Every structure is written in C-alpha cells, then in structure tokens.
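Below you'll find the structure, written out as structure tokens, and then a few comments.
Protein chains: 2
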Amino acid sequence: MISEKMMDFVKNSSSIRAMFEEGKNMAAKFGAENVYDFSLGNPSVEPPKRVKEAIAEVLEEDSPNLVHGYMLNAGYEDVRAAVAASLNKRFGTGFDESNILMTVGAAGGLNVILKTLLNPGEEVIVFAPFFGEYTNYVKNYDGELVVISPDTSSFQPNLKEFAEKISEKTKAVIVNTPNNPTGVVYSEKTIMALAEIMYKAQDEFGTDIYLISDEPYRELVYDGREVPYLTKYYENTIVGYSYSKSLSLPGERIGYLVIPSEAADAENIKAAASVANRILGFVNAPSLMQRTVAKCLEEKTDVAAYDRNRKLLYENLLKYGYECIRPEGAFYLFVKALEEDDKAFVERAKQFHLLLVPGSTFGCAGYVRLAYCVSQDMIERSLPAFQKLAESYQ
Amino acid sequence: MISEKMMDFVKNSSSIRAMFEEGKNMAAKFGAENVYDFSLGNPSVEPPKRVKEAIAEVLEEDSPNLVHGYMLNAGYEDVRAAVAASLNKRFGTGFDESNILMTVGAAGGLNVILKTLLNPGEEVIVFAPFFGEYTNYVKNYDGELVVISPDTSSFQPNLKEFAEKISEKTKAVIVNTPNNPTGVVYSEKTIMALAEIMYKAQDEFGTDIYLISDEPYRELVYDGREVPYLTKYYENTIVGYSYSKSLSLPGERIGYLVIPSEAADAENIKAAASVANRILGFVNAPSLMQRTVAKCLEEKTDVAAYDRNRKLLYENLLKYGYECIRPEGAFYLFVKALEEDDKAFVERAKQFHLLLVPGSTFGCAGYVRLAYCVSQDMIERSLPAFQKLAESYQ
Numbered sequence: 027m028i029s030e031k032m033m034d035f036v037k038n039s040s041s042i043r044a045m046f047e048e049g050k051n052m053a054a055k056f057g058a059e060n061v062y063d064f065s066l067g068n069p070s071v072e073p074p075k076r077v078k079e080a081i082a083e084v085l086e087e088d089s090p091n092l093v094h095g096y097m098l099n100a101g102y103e104d105v106r107a108a109v110a111a112s113l114n115k116r117f118g119t120g121f122d123e124s125n126i127l128m129t130v131g132a133a134g135g136l137n138v139i140l141k142t143l144l145n146p147g148e149e150v151i152v153f154a155p156f157f158g159e160y161t162n163y164v165k166n167y168d169g170e171l172v173v174i175s176p177d178t179s180s181f182q183p184n185l186k187e188f189a190e191k192i193s194e195k196t197k198a199v200i201v202n203t204p205n206n207p208t209g210v211v212y213s214e215k216t217i218m219a220l221a222e223i224m225y226k227a228q229d230e231f232g233t234d235i236y237l238i239s240d241e242p243y244r245e246l247v248y249d250g251r252e253v254p255y256l257t258k259y260y261e262n263t264i265v266g267y268s269y270s271k272s273l274s275l276p277g278e279r280i281g282y283l284v285i286p287s288e289a290a291d292a293e294n295i296k297a298a299a300s301v302a303n304r305i306l307g308f309v310n311a312p313s314l315m316q317r318t319v320a321k322c323l324e325e326k327t328d329v330a331a332y333d334r335n336r337k338l339l340y341e342n343l344l345k346y347g348y349e350c351i352r353p354e355g356a357f358y359l360f361v362k363a364l365e366e367d368d369k370a371f372v373e374r375a376k377q378f379h380l381l382l383v384p385g386s387t388f389g390c391a392g393y394v395r396l397a398y399c400v401s402q403d404m405i406e407r408s409l410p411a412f413q414k415l416a417e418s419y420q
Numbered sequence: 027m028i029s030e031k032m033m034d035f036v037k038n039s040s041s042i043r044a045m046f047e048e049g050k051n052m053a054a055k056f057g058a059e060n061v062y063d064f065s066l067g068n069p070s071v072e073p074p075k076r077v078k079e080a081i082a083e084v085l086e087e088d089s090p091n092l093v094h095g096y097m098l099n100a101g102y103e104d105v106r107a108a109v110a111a112s113l114n115k116r117f118g119t120g121f122d123e124s125n126i127l128m129t130v131g132a133a134g135g136l137n138v139i140l141k142t143l144l145n146p147g148e149e150v151i152v153f154a155p156f157f158g159e160y161t162n163y164v165k166n167y168d169g170e171l172v173v174i175s176p177d178t179s180s181f182q183p184n185l186k187e188f189a190e191k192i193s194e195k196t197k198a199v200i201v202n203t204p205n206n207p208t209g210v211v212y213s214e215k216t217i218m219a220l221a222e223i224m225y226k227a228q229d230e231f232g233t234d235i236y237l238i239s240d241e242p243y244r245e246l247v248y249d250g251r252e253v254p255y256l257t258k259y260y261e262n263t264i265v266g267y268s269y270s271k272s273l274s275l276p277g278e279r280i281g282y283l284v285i286p287s288e289a290a291d292a293e294n295i296k297a298a299a300s301v302a303n304r305i306l307g308f309v310n311a312p313s314l315m316q317r318t319v320a321k322c323l324e325e326k327t328d329v330a331a332y333d334r335n336r337k338l339l340y341e342n343l344l345k346y347g348y349e350c351i352r353p354e355g356a357f358y359l360f361v362k363a364l365e366e367d368d369k370a371f372v373e374r375a376k377q378f379h380l381l382l383v384p385g386s387t388f389g390c391a392g393y394v395r396l397a398y399c400v401s402q403d404m405i406e407r408s409l410p411a412f413q414k415l416a417e418s419y420q
C-alpha cells in the first residue's frame, strides 16, 4: 500500500492523466491540427544555438571525469563564480560563488530552501493566484501554506491582507514575478511596500522572515518592463532561478539558488542548503548542464516570438469579449471565465477543442490560464474556436 | 534561522568540510602526490567513449525542444521501453515501459519510492554496514530506521536478527548488493532465505513489505560473480538503479526505478511515484541524459581496471597484517581498524597521509572504508604508508 498522503495525489493524477488522454483522443478524432492545447508551460522557442555549441565545447575542453563526475554538492566553484559575476554585472549586486548553489531546476531549489528553513507548523505565505506546486513543496516539510486572496483588479499582491496575515509563525513568503499564471510583473512600488511590511513584522515579532523569489520567468518580459532584483529591496531574500524558460531547457533541470551573505543566518543557510541538496537525493545539479549554462550566461531566448503570440492572442480575445489582465511577462494569459465555475468553463472550451487550465488550480477560481508558448500558427487556427466559445455564452 | 532538524547536519557538514580542507592543506604542505585520498566513491575510470558519441547523436537526430523539453514526469516512453527491453534480455524479466520510472540518480529514486510508500512511524530495515544516507532518506519521510547488526564474519546480512526484528510496522527493507562499503555480493542462497523471511512476515502480519534493492554497483563484479536480480525472488521488490558507476556519470544524476507489475498495489505505486518525482522537485530525470543512456545500454565500464586496483590493494594490505573481507564487487575495501576506535584509527592514518572513512559512518564501528576507484599509481605510492601505519601499531 502506498502512503496515505500520496492517496489523494493518485486520485488527482488520474484526473490529469484522463485530461491528457482526452487531449490525445481529441487529436486522433479531429486531427492534431484541429486541437488547440494551451495547457502546458513547455517553451515553444528553441534553445539558443549557443547551447548546442557550448555542450560540444565542454565535452572537448574538459576531461570526461570532470564533466560527468561528482563535485561539491553546491556545484562547480567556477560555474558558481561565473553565475555570481553575471548577476553582479546585471544587477549591481555583490555576490560570489559562496552565495550560489546550483540546483535541479527552480523546483529543486525551492524544495532545498524550504527543507532548510521550515520547522513543522511554520507558515509560508503565497499570493493568489500562485503556482499550485507551492502547496506540495510546503507540505513536503510539514509547513502551513497561508494564501493571500487575489486582487483581481491588478493581480498585484493584496498587501492589505498580507499585512493582516503575516504573523509570528511566518517563516517565509514566496513571490513569483513575472507571475505564473497572470503574466503580471510586480512593480518596484509593490516590492518596496511588501518589503516594508516584512521589515515591520520582523521587528514586531523578533523573527527572521525570508522572502523567496521564484524567478523562472525573469528574462521573459515585454514592452521594456523592468523586473526589480529583490535582494536589493529586502535583506532576507533568497532567489530561486531556473534556465527552463530563459534557455528553453525545462527537461534538463538546471537552475540555482542565491543566498546573499547579508541574509540572517546566511552561513548556516548556505551549509544546510548544500546538505539538503544532498539528502533530498538531488546530490548536485546535473554536471554537464552546469558547465553548459556557465557558457550561456549572455544568451537570450527569442522573447519577440512570445511577444507576437501574446499580442495576437490578447488582442483577439479582447475583441471577442473576453476580460484579461494585460500580461507584461512570462507566457501566460489569465482570462476571466465566461461563467462562474472555471472548471465548467474549461469543459465547455473542450467542445471547441480548446485545452485550458482552470484558475482554481492556482487558488483563483473564476479564471483560466492559457499558455501561449505554442506556435503562432496554432494560435491563428484557434481564434475562431475562441470566438465561438464566447458566442456560445451570449 | 534554519530549521532545527537541519542544525545537526550543519554541525556534521562542518566536520566533513574540515576534513576536506585538511586534505587540501595536506596536499599543499606535502605535495598532492604524497597524499592518498581513499575517501570518495567518485569513479576513476572514464565513461565509455560511446557516451560522448551518443550525446552528439542525440543532439543531431532529435529536435532541441524534444531533447531539452518536458516529457512525462516518469520519463520519455521510448527511453523507458528501451531500459525495460534491456533488463528483460539480461535477466529474463517481463517489464515494459510502465514498470520503469527514470530518476535523478539512485538517490533520487530512493527518495521517490520512500515518499511513495512511507507513513510516519513505519519502519525501514537496513543491514549494517549500510550506506549512511539511507538514514536521512528514511527520516525525510518520518520513517523509522531499524538497523540489523553486522555479521562481521561474512558481511552477508544477519538473517537471524532480521527474522526477529521484522514486524507489523515494517514497510520496507533496503538491500545494497554489491555492497557499499564491504564490496560483498549477497549470494543467491542469502537472497532466497531473506525472501522467505519476508514472505513469512507478510503472511503473519497481513501486510505488504517491500524489498528495495539499491543497485548502483550491479555491473561492478569480479571473478565472474553473478548478482541475482531480486524481482525474481520476491514479488514486492522495487529496484533503484543508477548509471553513476556503470557509465561513470555520477555528476549527471541519471538512473531509474523498476516497479514490477506483480508488486502489491503496483498501479498505485507507479502513479504515486510519478507524482512524488514531480512534487519533490525532481520533476523528471535530466532529459539529454535520459536519451543518452538509452543509446548506451550495452556499454560497460572498465571493470578490469578496478579489478587490478582491488587485487593490488587487497593483497598488499593482507601482507601488512590487515584484516579485510575479500570484495567481490563495487570498488570498496572494508578493513578492520587496528584499534577499537575507528575514528581514532582514521586520525592516525592521516599522519601517514592516508584519507579513509570510519566504519561507524556505515553503522559498523571498528572498521574503515577505502574507495579504490582511484589511479593505480596512487595505490602503488600509498603502499608504504599503509605498511608504516600497520607497523605503528606493533
């Protein structure tokens, strides 16, 4: 028998599996070109050409036992130094290799830092809508998730409620900007106000409260939008980064944590995070990919392609009568469902061969998420379906 | 502040760090060629040449979005099918892709299966001496580790004590053969007796008890020794495999779990393990390496090189008066310390520039582990130091 905790997951995973099967069946029945799958955040843009070259270079330049062998659990020191230098150049920070821990993607990094920080029953605050996996990551370490309800006018965090709910039990706050699922970028003003609430709470409760910034979408921004680097606004910030989206390498599981020296208890956090990386079974971030990304720190994904998709989909959906916050980053649109029940709306959309994700998955019912990291061609073909879906509600 | 659970780890990691620093200092002081580091299980043999070719082929043959993109959390279906077919060919098993879950090394796989199986307080039995990380992996999921004391005459598992300690609380038993740290291979007779005890306990308690076979050293055997494939002896066996040693790819974190269809609750275990892989933050095994190992299933590491090291070190240590079980697999020697306190013996060895690991790390005080996955040259240079260390006790 599997563990009781995992029972619910199995039920849930069979419904996801059912959805997946349904998508495949729809494609078989109606033709793949007539099914419009907006459900997955799997980058459609190819990795920069430099990635392939860099892999070849690493394999030529270094001995196979170095490239594929064990290194410190925190990662190769030269790779970590290169990441630190690149951040310092871009953001005027003062990191060195001791502040960087290479991780198995951002998901690995978040698990490592939550294992490092959380005692059972300590609270982690998230702002709805939020990436649903945070619930699982926090539960893995017996933490309590505290959800701040969404501000659906702007999808900036609801700071009034945040100030009320932050407490002596709060150990960490997770932010995700540019945001999955809304595409919203938290403004500098928001960040400063959020930091002020956290500083005040630390003073009031005499605790350290960590701000965990989950940043897989940092490089995906449009219209020249700036994404503030959070360690500069709040000392106890820990950054989780991933190359999944910025270099289109989601399958490779490569990212890093930044643990700034000015964070409270930084030395212990660094040491414990390195141990957590080991004992959770990651051991270290994949070695060839560590050395590869170190050669691609200046590379950029084709943001223009996502931007074209964004405009095409956003402008047409508005035209058909949908309501949606204009995304400034990431590759998602968060669209108001045309009926109260977002799951019912997702079911209705399937009749038009549109595969969407219910907002309730992100703690924000009444909305759906569309991932536009797909081909422009598919978006074009899908537009009549969106129009008919809207008309079906008139 | 970091979590209380992690506090001890930080203390412990600073002592490991201190040892690491001491090794570096010794190398600086006496010259790297005069320090003999037998502490790490990092393969000295290069990966087979085919690995590099296979990486290049994968990058040429498949689209970058396939090679580096997301796939099912369990791994690419074609890779899993290839792994299953290779096992069936070698061991006469009847697996298909649904029985294989690609993992972030064996460490990732063990965490996935323990997360899948364990309710808090359930017991996991291990046989001393055992890989110390099992303690952490079991604690990660609030399980209780039950250690069976070593049989130091043969280093086969102590089945008498096993039969006494297996109970209605036992959820799993971990075996590791060829064994780290002893190099012993569990005989077929041992496996059959162990399986019989487990079948009997299942009947008596009306429970399912899983045998978890941790097999990173399966391919490293000497003198034509056979390693029984455990799913054939006990239905509720789950295998954790890694390419770290067999292809010398420890940094790449690539391995798999085998969940046979005949295991109790197999369908739920498969589904839950796939979810556990995701929510623990692994998400999936590194994608390029999945596709690479699928092309290297017939490849073998240079076992002859390890065998030369084994004989050279083993025969000379016996000559100097050390006692040691003759290893039949893996790349470790488990040597009786020349004084009761293995930690004191390790300290004394350092005076002769020998870096060893105390047996108490493996739940077996009074012994030390030597990893002979090093250059033959270093072994030759180290022999006088071993001789002097022995003489210092006369």
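Going down the list, the protein sequences come from chains A and B. Residues in the first sequence are numbered consecutively from 27, following our numbering. Residues in the second sequence are numbered consecutively from 27, following our numbering. Quick reminder that beta carbons are idealized off the backbone N, C-alpha and C, glycines included. All figures in this text were calculated on a predicted structure; none of them were measured in a lab.
Note the first and the last residue of the continuous beta strand (DSSP E) segment covering residue i.
i      : result
B:I280 : Neither: B:I280 is in no beta strand (DSSP E) and is coded neither H nor E.
A:A397 : Y393 to A397
Listing by chain order, which chain B residues have their CB less than 7 Å from the CB of residue i?
i      : result
A:S29  : T142, L143, L144 and N145
A:Y259 : Going along chain B, no residue has its Cβ under 7 Å from A:Y259, so there is no contact; the nearest lies around 22 Å.
A:D234 : M27
Check the Cβ of residue i against every Cβ in chain A and list those closer than 8 Å, keeping chain order.
i      : result
B:L185 : Going along chain A, no residue has its Cβ under 8 Å from B:L185, so there is no contact; the nearest lies around 25 Å.
B:I126 : Going along chain A, no residue has its Cβ under 8 Å from B:I126, so there is no contact; the nearest lies around 17 Å.
B:G95  : N68, P69, S274, P276 and G277
Determine whether the beta carbon atoms of residue i and residue j lie at a separation below 8 Å.
i      : j      : result
A:E123 : A:A107 : yes
B:E349 : B:K362 : yes
A:N335 : A:Y282 : no
A:V173 : A:G389 : yes
A:A132 : A:Y267 : yes
B:Y272 : B:T327 : Per the sequence shown, the amino acid found at residue 272 of chain B is Ser instead of Tyr. In this structure, B:T327 lies closer than 8 Å to B:S272 by Cβ.
A:S39  : B:S300 : yes
A:I26  : B:A292 : Only positions 27 to 420 of chain A appear in the structure, and residue 26 of chain A is not among them; the question remains open.
B:I280 : B:D240 : no
According to DSSP, simplified to helix, strand and coil, what is residue i?
i      : result
A:G355 : strand
B:M27  : coil
A:T196 : strand
B:V319 : helix
B:V329 : helix
A:V210 : coil
B:V421 : Residue 421 of chain B lies beyond the range of chain B shown here (27 to 420); nothing can be said about it.
A:F188 : helix
A:A108 : helix
B:G118 : coil
A:V372 : helix
In the DSSP output, which residue or residues are listed as bridge partners for residue i?
i      : result
B:D240 : B:G266
A:P384 : A:V394
A:D63  : A:L381
B:V172 : B:I151
A:F360 : A:R395
B:M128 : B:Y282
A:C350 : A:V361
A:V201 : A:S239
How would you list, in chain order, the residues of chain B whose beta-carbon sits under 9 Å from the beta-carbon of residue i?
i      : result
A:L85  : K78, I81 and A82
A:E252 : None at all; the shortest Cβ gap to chain B is about 28 Å.
Along chain B, which residues have their Cβ under 8 Å away from the Cβ of residue i?
i      : result
A:M315 : P312 and L314
Could you tell me whether the Cβ of residue i comes closer than 8 Å to any Cβ of chain C?
i      : result
B:I192 : Looking at the structure shown, chain C is missing, and the protein chains on hand are A and B.
Identify the contact partners of residue i in chain A, using a Cβ-Cβ distance below 9 Å as the criterion.
i      : result
B:F302 : Just to set this straight, residue 302 of chain B is Ala in the shown sequence, not Phe. The contacting residues are M32 and F35.
B:S408 : Per Cβ cutoff of 9 Å: no residues; B:S408 is ~20 Å from chain A at best.
B:L229 : First, the residue type needs correcting, since residue 229 of chain B is Asp and not Leu in the sequence shown. Within chain A, no residue comes near B:D229; the closest Cβ sits about 16 Å away, beyond 9 Å.
B:D291 : M27 and I28
With respect to the alpha helix (DSSP H) encompassing residue i, which residues constitute its N-terminal and C-terminal limits?
i      : result
A:N91  : P90 to V93
B:R76  : K75 to E87
A:Y163 : E159 to N166
A:A299 : A292 to I305
A:Q413 : Q402 to E417
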